Amino acid sequence: MNKFFKRLSLSQRLSIPVMSFIILVFIGFQFITYQRFLKIERENLLSHTQVLANGVGMNLTAAVLFNDHIDGTELLSAFKADPLIARVRLEHLDHSLFAQYINADIEFISPTSKQQHDVSVQSYHFGREMLYLMVPIMMDGEPIAHMHIAVSLKTLQQMRITHFKISILLLITLCAITAYIINRVQSWVTQPITQLNNAVNRIIKDENPSPIRSQIQTSHEVGELVNGFNSMQKKLNERDAKIQATLNQLGEEKAFADDVIETVQHALVVVNQQGKITLANDACLYVLGLPAATAQGLSLSDVLHTEQPDTFRQQLDQVLNGQKQFDHALMKSAISTGQSRTYEIISRPLEHRRQTLFAIEDVTKKQHAERQQQMAAKVFDCSQDAIMLLSGSGKITMVNPAFSKYLGYNADDVIGKHFHQLLDLTKYSKLQRSIQQALKKTNHWQGEMNQLCKDGTYIPLFVRINRIQDSHRSEVQTVVIASELRSMKKMRRLEHLATHDPLTNLANRSKLRQELRQLLTKRQTASAVFAVLFIDLDDFKTVNDSYGHSSGDKVLQIIAERLIRTVRKSDMVARLAGDEFVTIINPVSNQDDITFTCERILARIMEPISLRKKIQLNIGASIGCYYVFANESLDVDDILRRADKAMYSAKLSGKGQIIEFNQFRHD
83 MNKFFKRLSL SQRLSIPVMS FIILVFIGFQ FITYQRFLKI ERENLLSHTQ
133 VLANGVGMNL TAAVLFNDHI DGTELLSAFK ADPLIARVRL EHLDHSLFAQ
183 YINADIEFIS PTSKQQHDVS VQSYHFGREM LYLMVPIMMD GEPIAHMHIA
233 VSLKTLQQMR ITHFKISILL LITLCAITAY IINRVQSWVT QPITQLNNAV
283 NRIIKDENPS PIRSQIQTSH EVGELVNGFN SMQKKLNERD AKIQATLNQL
333 GEEKAFADDV IETVQHALVV VNQQGKITLA NDACLYVLGL PAATAQGLSL
383 SDVLHTEQPD TFRQQLDQVL NGQKQFDHAL MKSAISTGQS RTYEIISRPL
433 EHRRQTLFAI EDVTKKQHAE RQQQMAAKVF DCSQDAIMLL SGSGKITMVN
483 PAFSKYLGYN ADDVIGKHFH QLLDLTKYSK LQRSIQQALK KTNHWQGEMN
533 QLCKDGTYIP LFVRINRIQD SHRSEVQTVV IASELRSMKK MRRLEHLATH
583 DPLTNLANRS KLRQELRQLL TKRQTASAVF AVLFIDLDDF KTVNDSYGHS
633 SGDKVLQIIA ERLIRTVRKS DMVARLAGDE FVTIINPVSN QDDITFTCER
683 ILARIMEPIS LRKKIQLNIG ASIGCYYVFA NESLDVDDIL RRADKAMYSA
733 KLSGKGQIIE FNQFRHD
């Protein structure tokens with residue numbers, strides 16, 4: 083305790099005992115007052131309740147003697163005069179209920195066994211929530227019944243709360259008055275001495291103390307001491323202020339220079355005449371791959387790892403000797419991780435320190451981006467498709483040479499104009515809604531359209547429209563890419579003629595062999611079985627001899643159409659030559675499917691064919707079948723040869739037959 087008081091200041095030693103004493107005296111006084119007041123209130127409540135109960139009990143004598151329960155209940159209702167009475171129970175001497183009164187507004191709490199015992203001993207008991215009384219009904223000095231009364235202590239509880247609030251308010255007021263008095267005493271007595279002591283300590287600790295301002299000088303000696311100290315302190319502060327202002331200015335200039343150096347994204351290094359790095363900024367970590375602390379003391383040529391180190395050292399020596407300077411020089415090098423980089427170097431001499439400042443920028447990504455941009459521009463210019471870029475408002479911002487080639491417009495003719503000015507709006511209105519819906523849903527649309535050229539002619543185009551978001555602006559732009567369809571359709575026609583029979587429009591021998599090669603390639607990674615049907619018309623030569631080649635050609639066209647309608651869409655029908663057809667059934671799940679398909683083919687071929695002058699022909703056919711399995715090493719010629727052999731076997735068997743070269747099996 084003594085150590086605690088020794089650590090206290092003078093003002094604390096004065097205020098703590100005074101405050102503690104006053105608070106303790108107040109609490110003790112309030113406690114005694116509260117107990118006395120509570121006792122009086124209890125006695126008043128008990129007395130009041132007993133008087134009321136005795137008055138009611140005198141009237142209950144007759145009702146008890148004549149056992150008149152109704153009269154007893156009515157008499158007990160007189161307790162309504164006291165709203166605190168929760169319940170009154172009138173019992174015979176044998177504790178049987180005679181009548182009772184219940185106040186529904188007050189919750190009744192039953193007494194415990196101990197409380198009931200106390201009531202029977204002293205005729206009342208103050209509980210936590212209730213006052214329990216037992217009042218006898220007397221006749222000729224003898225009890226004939228008892229009233230058990232429960233009274234709510236709600237008013238006492240409210241009195242406790244009110245007393246507590248008043249006590250707290252008085253305590254706060256007392257503390258405030260005491261604190262004010264102590265504050266005045268401290269201001270008059272202890273504050274000047276404390277301020278003087280603190281000011282001396284701050285001077286000892288080399289801090290900047292503020293002047294001592296004592297509101298009331300307790301004595302002439304203390305006032306003179308304070309004034310003398312303030313004068314001395316003022317002169318010290320003036321001197322320190324000048325020194326601090328100079329230091330602050332230097333600090334701000336240094337901090338500004340450091341911020342500028344650290345904010346620069348280039349690697350800034352200072353190199354002495356021996357080629358050693360004496361100072362570096364934090365950007366060296368990202369540009370050179372070395373922390374600034376690690377780079378200091380190293381040679382600049384060793385840090386850069388240039389591809390031609392000897393040449394760079396010679397150039398570096400010339401820079402350090404003041405003979406030349408690097409001015410946006412490009413150097414290729416590899417950092418410590420081995421990754422190739424390109425640096426742009428600028429050097430400037432620092433005359434006062436006889437050193438040189440190097441600003442090194444990593445331009446690897448910049449060069450790559452420039453190359454990508456140049457390549458994209460070349461692709462844009464060299465594209466065979468017409469490309470048009472639209473702004474968010476629909477104005478043309480860029481077109482490529484192919485656009486001018488196809489439509490006849492120069493770039494200067496269309497840039498800045500709305501794309502509607504280049505369209506035939508009558509035809510475009512038919513597509514506009516579908517285009518807008520597709521762009522709104524997927525940001526993409528493609529389809530064919532006829533575009534009006536500058537000379538008034540129309541050109542068929544396959545158009546692809548894409549909406550893109552500008553990475554630099556929030557504006558949504560539109561890219562239109564158009565392919566000229568005239569050459570494409572011509573190429574498709576040529577390709578179709580090269581792979582299809584001109585008479586029947588079926589796949590020709592070349593297309594058949596191509597399809598078989600693809601199936602054989604896929605068969606290396608799949609286990610599906612497919613079948614090749616070699617179909618030859620029976621006695622077709624008599625048709626040409628009897629009715630002419632034009633009739634024979636018509637018969638072949640009808641047979642070709644029937645074959646296409648008989649097989650599945652996934653199957654293929656080809657014409658080899660003359661009256662020979664080949665059908666690829668892919669895939670095949672069982673032998674019955676092939677048998678059923680072959681029978682359908684024969685039935686469709688044998689259906690009557692009507693020619694001119696009411697001539698009807700009945701053409702038959704023979705079919706040879708070969709199954710191709712995944713584990714066989716065959717080429718296209720082997721497959722066609724075996725299917726052809728099975729077909730000739732069908733011919734020799736009497737025509738109109740189906741012969742299988744091999745048996746179907748499940749691999």
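Mapping the sequence shown onto the numbering used here, position 333 (from 1) lands on 415, and the numbers just tick up by one. Note that the Cβ used here is the ideal one computed from N, Cα and C, for glycine as well. What you are looking at is a predicted structure, and each value in this text was computed from that prediction instead of being measured.
Contact under 8 angstroms by Cβ, residue i with residue j
{"i": "residue 359", "j": "residue 386", "result": "no"}
{"i": "residue 469", "j": "residue 485", "result": "yes"}
{"i": "residue 170", "j": "residue 157", "result": "no"}
{"i": "residue 546", "j": "residue 533", "result": "no"}
{"i": "residue 743", "j": "residue 725", "result": "yes"}
{"i": "residue 656", "j": "residue 604", "result": "no"}
{"i": "residue 708", "j": "residue 611", "result": "no"}
{"i": "residue 231", "j": "residue 160", "result": "no"}
{"i": "residue 729", "j": "residue 701", "result": "no"}
{"i": "residue 585", "j": "residue 551", "result": "no"}
{"i": "residue 649", "j": "residue 658", "result": "no"}
{"i": "residue 430", "j": "residue 355", "result": "no"}
{"i": "residue 108", "j": "residue 253", "result": "yes"}
{"i": "residue 591", "j": "residue 718", "result": "no"}
{"i": "residue 691", "j": "residue 684", "result": "no"}
{"i": "residue 644", "j": "residue 686", "result": "yes"}
{"i": "residue 123", "j": "residue 241", "result": "yes"}
{"i": "residue 219", "j": "residue 155", "result": "no"}
{"i": "residue 348", "j": "residue 411", "result": "no"}
{"i": "residue 212", "j": "residue 191", "result": "yes"}
Option nearest residue i by Cα separation, candidates the options
{"i": "residue 262", "options": "100, 216 and 183", "result": "100"}
{"i": "residue 561", "options": "521, 578, 600 and 534", "result": "521"}
{"i": "residue 188", "options": "412, 105 and 167", "result": "167"}
{"i": "residue 672", "options": "602, 165, 210 and 745", "result": "745"}
{"i": "residue 131", "options": "679, 217 and 477", "result": "217"}
{"i": "residue 535", "options": "512, 246, 518 and 505", "result": "505"}
{"i": "residue 734", "options": "148, 713 and 703", "result": "703"}
{"i": "residue 445", "options": "627, 462 and 425", "result": "425"}
{"i": "residue 185", "options": "163, 204, 637 and 349", "result": "163"}
{"i": "residue 540", "options": "549, 559, 383 and 509", "result": "509"}
{"i": "residue 524", "options": "548, 721, 129 and 432", "result": "548"}
{"i": "residue 600", "options": "623, 668, 579 and 678", "result": "668"}
{"i": "residue 402", "options": "286, 682 and 439", "result": "439"}
{"i": "residue 207", "options": "428, 129, 264 and 526", "result": "129"}
Continuous beta strand (DSSP E) stretch holding residue i: start and end
{"i": "residue 442", "result": "437-444"}
{"i": "residue 618", "result": "611-620"}
{"i": "residue 396", "result": "Premise fails: residue 396 lies in the alpha helix (DSSP H), 391-402, not in any beta strand (DSSP E)."}
{"i": "residue 479", "result": "478-481"}
{"i": "residue 662", "result": "662-670"}
{"i": "residue 207", "result": "206-208"}
{"i": "residue 560", "result": "558-566"}
{"i": "residue 82", "result": "In the structure displayed, the chain extends from 83 to 749; residue 82 sits before or after that span and is not available."}
{"i": "residue 361", "result": "359-362"}
Cβ-based neighbour list, residue i, same chain, cut-off 6 angstroms, excluding 5 preceding and 5 following
{"i": "residue 557", "result": "474"}
{"i": "residue 646", "result": "655"}
{"i": "residue 102", "result": "none"}
{"i": "residue 615", "result": "665, 705 and 707"}
Host alpha helix (DSSP H) of residue i (start-end)
{"i": "residue 151", "result": "151-158"}
{"i": "residue 518", "result": "507-524"}
{"i": "residue 626", "result": "623-629"}
{"i": "residue 376", "result": "374-377"}
CB contact check: residue i to chain B, cutoff 8 angstroms
{"i": "residue 154", "result": "Although the question refers to chain B, the structure presented lacks it and comprises just one protein chain."}
Own chain, CB closer than 7 angstroms to residue i, minus 5 neighbours either side, in chain order
{"i": "residue 739", "result": "704 and 732"}
{"i": "residue 179", "result": "171 and 173"}
{"i": "residue 542", "result": "530, 532, 567 and 568"}
Close-in-space but distant-in-sequence residues of the same chain around residue i (CB under 8 angstroms, 5 per side omitted)
{"i": "residue 175", "result": "225, 226, 227 and 228"}
{"i": "residue 408", "result": "397, 401, 427, 428, 429 and 440"}
At what residue ranges does the stretch 684-723 contain a whole run of the alpha helix (DSSP H), taking only runs of 4 or more? Entirely contained in the stretch 684-723, not one alpha helix (DSSP H) run reaches 4 residues.
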